[in-house]
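Residue numbers (this note's numbering): 108 to 308.
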């Protein structure tokens, strides 16, 4: 096996946990009729937003369009960003890896979320570089985003490990020649990283 010299982490539910439930409760208090995450994401054009196809302002307008009693842009922005909890053990693991090999991030996310995550949590400190879907107009598991990552991060697929909580994304990376770890818990991911990299982390 080629020596691993790059580890690429997904962010959501790998390094940072998140839940839309609080946001949906806020929207419901303002008269929104959405009650499930799937219903919410389809009505506000979340996928086009995370592709970078609509602006922050347009997305907030989409949120307000759900409400009988609209909120200010700032209140909506605050509610939209109030979804996250750091997974400290995984952030520490990434930070330890960074001293031994290249560590990078790929996230399917929007501008508001990405800027908030970079400013609020230590994401830039635990990696050498990062890539968000809205910046390049393509999302995991499309092969294009893995090709962009290889070019941007100077990665060789067979020497790279990808860690994601969604198996479909891991399979997408494997199809592009990467090694893949389906993240389910910290201990399991650490064990697989040790096996693949040979590092004591």
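Note that CB positions come from ideal geometry on N, CA and C, so glycine has one too. For clarity, every value in this text was computed on a predicted model and none was experimentally measured.
query, result
"Exposure label - residue 114; buried when at least 16 CB within 10 Å", "buried"
"Contact check, residue 200 vs residue 308, beta carbons under 8 angstroms", "yes"
"Heavy atom of the ligand GDP within 7 angstroms of residue 192 beta-carbon", "Looking at this structure, you won't find the ligand GDP or any other ligand, since it has none at all."
"DSSP-derived helix/strand/coil call for residue 156", "helix"
"Whether residue 213 touches residue 230 by CB criterion (8 angstroms)", "no"
"Proximity to residue 184 [Cα-Cα], best of 254, 167, 193", "167"
"Beta-carbon contacts of residue 108 that lie in its chain and below 7 angstroms, excluding the five residues immediately before and after", "Low per-residue confidence applies at residue 108: pLDDT is 46, beneath 50, and the placement is therefore not dependable enough to give any value."
"Residue 214 - DSSP class collapsed to helix/strand/coil", "strand"
"Reduced DSSP category for residue 207 - H, G, I as helix; E, B as strand; rest coil", "coil"
"Coarse secondary structure for residue 284, derived from DSSP in three states", "coil"
"Sequence-distant residues of the same chain with beta carbon closer than 6 angstroms to residue 144, five excluded per side", "127"
"Exposure of residue 276, with buried meaning 16 or more beta-carbon neighbours within 10 Å", "buried"
"Own chain partners of residue 235 with C-beta closer than 8 angstroms, once the 5 adjacent residues on each side are dropped", "205, 209, 210, 211, 260"
"Beta-carbon proximity list for residue 155, same chain, < 8 angstroms, skipping 5 on both sides", "161"
"DSSP three-state assignment for residue 115, whether helix, strand or coil", "strand"
"Residue from 283, 274, 279, 270 whose Cα sits closest to the Cα of residue 301", "270"
"As assigned by DSSP and simplified to three states, the class of residue 236", "strand"
"Sequence-distant residues of the same chain with beta carbon closer than 7 angstroms to residue 165, five excluded per side", "none"
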